[in-house]
Amino acid sequence: MMQVFMILPTTESVLMGQQKAKVNIFRSAGEMELASALEIVRIMKIAVEERGVGQMGLSGGETPRSVYKLLGSQPLRSQVHWEKVHLFFSDERMVPPDDAGSNYRMVEQELLSAVDIPPANVHRIKGEFEPGIAAKEYDRELSKMFPNGRTEFDLMLLGLGGDGHTASLFPGTAALSEDRAFATSLFVPHLGNWRVTLTYRSINSARAILFLVSGRQKSKIVRQIFDANEPSMTLPATCVRPTHGSISWFFDEEAAALINP
Ligand code: 6PG
Numbered sequence: 093m094m095q096v097f098m099i100l101p102t103t104e105s106v107l108m109g110q111q112k113a114k115v116n117i118f119r120s121a122g123e124m125e126l127a128s129a130l131e132i133v134r135i136m137k138i139a140v141e142e143r144g145v146g147q148m149g150l151s152g153g154e155t156p157r158s159v160y161k162l163l164g165s166q167p168l169r170s171q172v173h174w175e176k177v178h179l180f181f182s183d184e185r186m187v188p189p190d191d192a193g194s195n196y197r198m199v200e201q202e203l204l205s206a207v208d209i210p211p212a213n214v215h216r217i218k219g220e221f222e223p224g225i226a227a228k229e230y231d232r233e234l235s236k237m238f239p240n241g242r243t244e245f246d247l248m249l250l251g252l253g254g255d256g257h258t259a260s261l262f263p264g265t266a267a268l269s270e271d272r273a274f275a276t277s278l279f280v281p282h283l284g285n286w287r288v289t290l291t292y293r294s295i296n297s298a299r300a301i302l303f304l305v306s307g308r309q310k311s312k313i314v315r316q317i318f319d320a321n322e323p324s325m326t327l328p329a330t331c332v333r334p335t336h337g338s339i340s341w342f343f344d345e346e347a348a349a350l351i352n353p
């Protein structure tokens with residue numbers, strides 16, 4: 093008997109710097125993660141039904157780990173036609189794919205190892221390459237997969253860092269102003285390492301953008317993002333503004349503590 097989860101978030105449409113965003117606040121990280129997985133399944137099913145293919149950009153970091161695990165487990169695993177889904181990455185640390193810091197490795201462990209997705213449908217950023225070469229190779233792959241020049245991901249999953257970064261669009265880096273390529277490489281001084289990231293041009297072309305944020309440690313940056321009246325490169329997540337798609341935030345109560353009325 094499949095368990096029916098009643099998840100009753102606080103849902104509001106808010107104006108964030110003149111753009112409308114849907115905010116969902118869940119009682120716990122667990123409920124937020126389950127609701128996120130259900131939303132991903134919903135969007136991917138519609139994409140496959142309407143266009144024959146679902147194209148999703150996956151965020152790295154720790155927040156989405158449990159969501160990917162849910163997607164790779166029953167009952168959700170069998171609700172997606174994985175053979176018709178293409179997976180991309182919002183960004184990657186420049187390490188080999190079997191390195192503990194690799195976003196690909198995390199996704200492989202939690203999701204790819206559990207679903208029948210053709211390897212050719214997984215568009216990995218080659219962390220083992222020299223950063224500039226990896227970025228160019230990923231950019232070419234995106235151009236091939238989106239020949240009309242717009243990376244219209246059906247869903248782009250994003251996280252939020254404590255400094256307001258998202259993907260690997262970190263404050264004060266040249267990646268923020270890259271407006272031609274779909275992907276670029278950058279050195280992150282305070283981390284002392286290289287990254288490859290999708291650019292705003294690529295992220296903002298998505299049909300749907302979904303931020304997943306949980307934990308009390310994110311409450312201050314969430315407040316700063318939501319207080320921003322306009323996009324600011326000092327808070328890179330505020331520059332995520334879909335050109336024609338939607339933007340939603342999935343929070344647990346802890347992360348939303350300072351914006352929740
Ligand atoms: C990465 C991510 C990054 C992440 C945020 C939040 O490669 O780390 O793409 O943008 O989403 O840093 O990370 P947590 O989910 O671990 O807090």
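Heads up, the final residue of the sequence shown is numbered 353 in my numbering, and it's a clean run with no missing numbers.
All C-beta atoms, glycine included, are put in the ideal place defined by N, C-alpha and C.
Where do the ends of the alpha helix (DSSP H) carrying residue i lie?
| i | result |
| --- | --- |
| leucine 162 | 157 to 163 |
| glycine 122 | 121 to 143 |
| isoleucine 295 | 292 to 295 |
| methionine 198 | 195 to 199 |
Relative to the C-alpha of residue i, which residue among the options is closest?
| i | options | result |
| --- | --- | --- |
| leucine 270 | Pro101, Val159 and Tyr292 | Correcting the residue type first, residue 270 is glutamate in the shown sequence and not leucine. Considering only alpha carbons, the answer is Tyr292. |
| methionine 186 | Leu304, Thr330 and Val288 | Val288 |
| alanine 59 | Leu302, Pro328, Asn352 and Met325 | In this structure the chain extends from 93 to 353, so residue 59 is not present and cannot be described. |
| alanine 206 | Ser340, Val115, Val172 and Glu123 | Val172 |
| serine 170 | Pro188, Ser340, Leu203 and Asp319 | Leu203 |
| serine 164 | Met148, Leu150 and Ala129 | At residue 164 the sequence reads glycine, which differs from the serine that was named. Of the listed residues, the one whose Cα sits closest to glycine 164 is Ala129. |
| alanine 192 | Phe180, Gly153 and Pro323 | Gly153 |
| arginine 299 | Gly224, Gly253 and Gln147 | Gln147 |
| isoleucine 339 | Leu249, Ile313 and Met124 | Leu249 |
| proline 101 | Met108, Leu107, Ala127 and Lys310 | Ala127 |
| serine 194 | Ser151, Glu125 and Glu123 | Ser151 |
Return the CA-CA distance between residue i and residue j, expressed in angstroms with no decimal places.
| i | j | result |
| --- | --- | --- |
| glycine 337 | leucine 162 | 25 Å |
| leucine 168 | tryptophan 174 | 11 Å |
| leucine 278 | serine 294 | 16 Å |
| leucine 268 | methionine 325 | 7 Å |
| asparagine 285 | aspartate 190 | 17 Å |
| alanine 348 | arginine 333 | 20 Å |
| glutamate 345 | proline 281 | 32 Å |
| isoleucine 225 | isoleucine 217 | 10 Å |
| asparagine 321 | alanine 329 | 13 Å |
| alanine 139 | serine 297 | 15 Å |
| threonine 103 | glutamate 222 | 43 Å |
| isoleucine 135 | leucine 304 | 15 Å |
| glycine 149 | phenylalanine 181 | 5 Å |
| threonine 243 | alanine 273 | 11 Å |
| aspartate 255 | alanine 121 | 21 Å |
Does at least one heavy atom of the ligand 6PG sit under 6 Å from the Cβ of residue i?
| i | result |
| --- | --- |
| glutamate 125 | no |
| aspartate 183 | yes |
| serine 129 | The amino acid at residue 129 is misidentified as serine; the sequence shows alanine. Checking every heavy atom of the ligand 6PG against the Cβ of alanine 129, none is found closer than 6 Å. |
| asparagine 285 | no |
| glutamate 233 | no |
| serine 311 | no |
| serine 294 | no |
| glycine 149 | no |
| glycine 253 | yes |
| asparagine 116 | no |
| glycine 264 | no |
| alanine 259 | yes |
| glycine 152 | yes |
| threonine 330 | no |
| threonine 335 | no |
| asparagine 321 | no |
| threonine 155 | yes |
| asparagine 195 | yes |
Which residues mark the beginning and the end of the beta strand (DSSP E) in which residue i is found?
| i | result |
| --- | --- |
| isoleucine 317 | Here isoleucine 317 belongs to no beta strand (DSSP E); instead the alpha helix (DSSP H) covers 311 to 319. |
| serine 105 | 102 to 108 |
| aspartate 231 | Unbroken run through aspartate 231 is the alpha helix (DSSP H), 223 to 237; no beta strand (DSSP E). |
| valine 280 | 275 to 280 |
| methionine 148 | 146 to 150 |
| arginine 185 | 183 to 185 |
| glycine 116 | In the sequence on display, residue 116 carries asparagine and not glycine. 111 to 118 is the extent of the beta strand (DSSP E) around asparagine 116. |
| methionine 325 | Per DSSP, methionine 325 belongs to no beta strand (DSSP E) and is neither H nor E. |
| phenylalanine 303 | 300 to 305 |
| leucine 268 | Looking at the DSSP string, leucine 268 is not in any beta strand (DSSP E), and its letter there is neither H nor E. |
| phenylalanine 343 | 338 to 344 |
| leucine 247 | 247 to 250 |
Please tell me whether residue i has its Cβ less than 7 Å away from any Cβ of chain B.
| i | result |
| --- | --- |
| histidine 178 | Protein chain content of the structure displayed is limited to a single chain, and chain B is not contained in it. |
Query - Given 8 Å, three or more beta-carbon pairs between the stretch 191 to 205 and the stretch 225 to 245 - result: no
Query raised in the report: Does the count of Cβ pairs from the stretch 213 to 231 and the stretch 247 to 261 closer than 8 Å reach three?
Result: no
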